[in-house]
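Undergrad:
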Amino acid sequence: MRIIRREIVLAASLFISVPVVAQQGSLMSQTGSGRSADVGSRGTSIALTNRGQQIPGAAVVTQGVTQLSLEEAIQLAIKNNLATLLARERQREAEGQKQESRSALLPNISGAAYQASVTANIAALGFQPGTFPGITNTFIGPFNNFDARARLVQTIFNLSAIKNYQAGRAGVRLAEYEEQLAREQVASGTALVYLEALRSGRAVAAAQANVDLAQALAKLAEDQRNAGVATGVDVTRAQVRLAEAQVQFARAQTSTEQATLNLQHVVGLTLGASLTLTDPLRFIEEPTPAPQSLIEQAGQNRPELRIAEEEIKVNKLEREAVRGEYLPSLEFVGDYGVSGITPTNTALPTRRAAVQLNVPIFNGGLTQGREAVAASRQRQAELELGNVRGQVEQDVRLALATLRTAAAQVRASDESERLAERELEMARDRFRAGVGDNLEVTTAQTSLANARDAQVEALAAYNAARLNLAAATGRAETFRW
0 MRIIRREIVL
10 AASLFISVPV
20 VAQQGSLMSQ
30 TGSGRSADVG
40 SRGTSIALTN
50 RGQQIPGAAV
60 VTQGVTQLSL
70 EEAIQLAIKN
80 NLATLLARER
90 QREAEGQKQE
100 SRSALLPNIS
110 GAAYQASVTA
120 NIAALGFQPG
130 TFPGITNTFI
140 GPFNNFDARA
150 RLVQTIFNLS
160 AIKNYQAGRA
170 GVRLAEYEEQ
180 LAREQVASGT
190 ALVYLEALRS
200 GRAVAAAQAN
210 VDLAQALAKL
220 AEDQRNAGVA
230 TGVDVTRAQV
240 RLAEAQVQFA
250 RAQTSTEQAT
260 LNLQHVVGLT
270 LGASLTLTDP
280 LRFIEEPTPA
290 PQSLIEQAGQ
300 NRPELRIAEE
310 EIKVNKLERE
320 AVRGEYLPSL
330 EFVGDYGVSG
340 ITPTNTALPT
350 RRAAVQLNVP
360 IFNGGLTQGR
370 EAVAASRQRQ
380 AELELGNVRG
390 QVEQDVRLAL
400 ATLRTAAAQV
410 RASDESERLA
420 ERELEMARDR
430 FRAGVGDNLE
440 VTTAQTSLAN
450 ARDAQVEALA
460 AYNAARLNLA
470 AATGRAETFR
480 W
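First residue of the sequence shown: 0, per numbering that gives the first Met the number 0; consecutive thereafter.
#1: Just mark N357 as buried or exposed, buried being the case when its beta carbon has 16 or more other beta carbons within 10 Å.
#2: Cα-Cα, which of L468, V234, E195 is closest to R396?
#3: Can you check whether the C-beta of L158 is within less than 9 Å of a C-beta belonging to chain B?
#4: At what residue ranges does the region 248-327 contain a whole run of the beta strand (DSSP E), taking only runs of 3 or more?
#5: At what residues does the beta strand (DSSP E) containing S102 begin and finish?
#6: Between F282, N144, D436, which lies nearest to L197 when the distance is taken from Cα to Cα?
#7: Use the C-beta contact count for E195: other C-beta atoms within 10 angstroms, 16 or more gives buried, fewer gives exposed.
#8: Check R350 in the structure and name its three-state DSSP category.
#9: Which of the three DSSP states, helix, strand or coil, is assigned to A460?
#10: T287 to E476, Cα distance in whole Å?
#11: If you reduce the DSSP assignment to three classes, tell me which class A190 lands in.
#12: Would you please state the rounded distance, in angstroms, between the beta carbons of I77 and V185? I believe it to be under 8 Å.
#13: Could you give the distance in angstroms between the alpha-carbon of L219 and the alpha-carbon of R431?
#14: Please state whether the Cβ-Cβ distance between S292 and L158 is less than 9 Å.
#15: Taking the beta carbon of F361 as the centre, do at least 16 other beta carbons fall within 10 Å, making it buried, or is it exposed?
#16: So, with DSSP's three-state summary, where would you put A469?
#17: Could you check which residue in L365, L304, S273, E370 has the C-alpha nearest to that of L316?
#18: Starting from the C-beta of V64, find all residues in its chain whose C-beta is less than 7 Å away, skip the five residues before and the five after it, and write them out in chain order.
#19: Exposed or buried, what is S254 when buried is set at 16 or more other beta-carbons lying within 10 Å of its beta-carbon?
#20: Taking only runs of the beta strand (DSSP E) that begin and end inside the region 88-165, which ones reach a length of at least 3 residues, in chain order?
#21: Is A320 near K162, with beta carbons less than 9 Å apart?
#22: So, at 6 Å on beta carbons, what are the nonlocal neighbours of A122 in its own chain, with the 5 sequence-adjacent residues on each side left out?
#23: Between F248 and A206, what straight-line distance do the alpha-carbon atoms span, to the nearest angstrom?
#24: For P141, which residues from the same chain have a beta carbon less than 8 Å from its beta carbon, with the 5 sequence-adjacent residues on both sides left out?
#25: Can you tell me which of the three DSSP states L47 falls into?
#26: Tell me which residue opens and which closes the alpha helix (DSSP H) that E424 is part of.
#27: Under the three-state reduction of DSSP, which class applies to S68: helix, strand or coil?
#28: Going by DSSP in three states, V234 sits in which element: helix, strand or coil?
#29: In this structure, does DSSP put Q179 in helix, strand or coil?
#30: Would you call the region 398-406 and the region 456-465 in contact, with 3 or more CB pairs under 8 Å?
#31: DSSP three-state label for S332, please.
#32: Please look up how many angstroms separate the CB atoms of T441 and R236, rounded, as I've assumed it's under 8 Å.
#33: Is it the case that the Cβ atoms of A202 and L241 are separated by a distance below 9 Å?
#34: With 16 other CB atoms within 10 Å as the buried threshold, where does L365 fall?
#35: Report the rounded CA-to-CA distance for E71 versus S109, giving the unit in angstroms.
#36: Kindly identify the DSSP beta-bridge partner or partners of T341.
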């Protein structure tokens with residue numbers, strides 16, 4: 000029996016990169032190779048690449064959830080998301096395949112009964128009239144015939160069937176590792192969607208602060224003009240900056256709605272319902288372990304490695320099952336029942352018991368071809384394992400480098416915001432004192448708005464880098480802010 004091969008992504012680790020971009024966007028946007036997004040003008044982009052697979056939406060909806068932590072979001076997604084539900088069904092499929100392969104080693108019992116009215120032409124058997132004394136007519140019948148019996152076939156030795164059953168058991172373990180991989184992928188994807196929702200919420204707060212500041216500066220410009228210190232150009236300049244801040248605030252609100260809908264779709268909540276995220280977006284700098292210890296941890300936890308190793312075992316057993324077809328097989332065949340004219344007329348018990356030896360001689364090269372296919376698949380699996388091991392180490396080292404850079408960006412963005420606030424305060428004091436126009440004020444105002452945006456994006460990028468490291472070491476399902 001052949002185990003059905005499922006196409007899997009052996010190196011489906013979730014990798015989050017943090018390149019610099021120049022346009023306003025959202026953390027989550029679809030791409031051909033996974034989920035990626037742009038965050039903030041003059042900010043960063045956090046891309047989730049799932050190596051050929053995208054995290055689908057939920058297939059089941061949970062009602063009544065109004066508050067959601069990251070842990071709850073991950074658990075709900077694992078429970079409701081299509082990817083994990085399909086992985087569980089594939090586990091059941093593998094169990095069925097194992098049971099199917101085991102049936103070749105267990106007794107096969109069947110029963111049959113019939114009552115027939117028979118006629119025969121013995122001339123078809125070479126008996127012509129006069130050939131034997133007493134044969135004057137070649138047509139015989141009609142006459143009745145009855146038979147009822149149970150049949151038993153039991154394999155005594157069949158190496159191919161034994162190896163097929165072992166491959167079926169290995170296929171169950173493979174499906175379990177695939178289910179673990181699906182859980183990791185869904186957990187990583189959910190955490191990133193949750194992070195985007197937090198980021199967009201912080202972006203709305205920053206945009207609101209920019210609007211409040213622009214309103215205060217526009218009021219200051221009007222007061223200065225009324226006092227004869229400023230000109231109409233100063234007022235117009237402040238009003239233009241207020242309008243720009245209001246546009247950015249509206250865009251941020253739209254991004255927040257989109258991020259919330261994405262989260263509800265992935266996790267499996269009612270779309271459009273009110274939802275409060277209880278985990279804040281914060282900066283917690285943690286000591287970074289040595290790369291080698293993380294690589295060892297990834298080697299123990301990453302389901303991609305277990306999948307690749309189990310694929311080798313499955314293909315090896317399948318190859319041995321094919322090679323077992325060259326050997327003879329032995330089975331017991333028996334039946335017991337009654338036969339006669341009718342069930343009540345001359346019905347007597349009869350039986351048969353036999354040991355049957357099946358010896359393969361030549362099947363046109365079918366077995367040789369199947370062995371070549373199985374051998375090639377085994378070699379492919381071994382090559383895949385080597386590639387996955389290298390990919391796991393690369394993921395860990397890149398995740399560490401990204402985390403260090405992201406932490407430095409958070410510290411730099413905090414300092415940049417502090418200096419921008421100081422610059423704005425000094426420019427506002429100069430304008431209030433009539434020393435200069437509000438060009439310095441609007442320039443400092445723009446710098447502060449950019450610094451606030453950069454701080455939000457740096458904070459999101461840092462937490463995405465933490466998620467990246469957790470995914471690289473196989474701990475996405477237990478990841479928390």
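Glycine included, C-beta positions come from ideal geometry on N, C-alpha and C.
TA: Per the coordinate set shown:
#1: exposed
#2: Checked all of L468, V234, E195; the closest Cα to R396 is L468.
#3: The structure shown contains no chain B, having only a single protein chain.
#4: none
#5: That residue, S102, is in no beta strand (DSSP E); it is neither H nor E in DSSP.
#6: F282
#7: Of the residues assessed, E195 falls on the buried side of the cut-off, its CB having 16 or more other CB atoms within 10 angstroms.
#8: Here R350 sits in strand by DSSP.
#9: helix
#10: 20 Å
#11: Helix at A190.
#12: The C-beta distance from I77 to V185 rounds to 6 Å, short enough to meet the 8 Å contact threshold.
#13: 8 Å
#14: no
#15: Exposed.
#16: helix
#17: E370
#18: Excluding sequence neighbours, V64 sits near L268.
#19: The residue in question, S254, is buried, as its Cβ has 16 or more Cβ neighbours within 10 Å.
#20: 107-120, 138-156
#21: At a Cβ-Cβ threshold of 9 Å, A320 and K162 count as neighbours.
#22: Answer for A122: T137, listed in chain order.
#23: 5 Å
#24: Here P141 has S116, V117, T118 as same chain residues with Cβ atoms under 8 Å from its own Cβ, once five neighbours each way along the sequence are excluded.
#25: Any reading at L47 needs caution, since the residue's pLDDT is 41, under 50, leaving its predicted position unreliable; the model's value is listed next. Strand at L47.
#26: 365-431
#27: Coil, per DSSP.
#28: The answer is helix: DSSP assigns V234 an H, G or I state.
#29: helix
#30: yes
#31: The amino acid occupying residue 332 in the given sequence is Val; Ser does not appear at that position. The answer is strand: DSSP assigns V332 an E or B state.
#32: Confirmed, about 6 Å.
#33: In this structure, A202 lies away from L241, with their beta-carbon atoms at least 9 Å apart.
#34: Classification for L365: exposed.
#35: 52 Å
#36: N344
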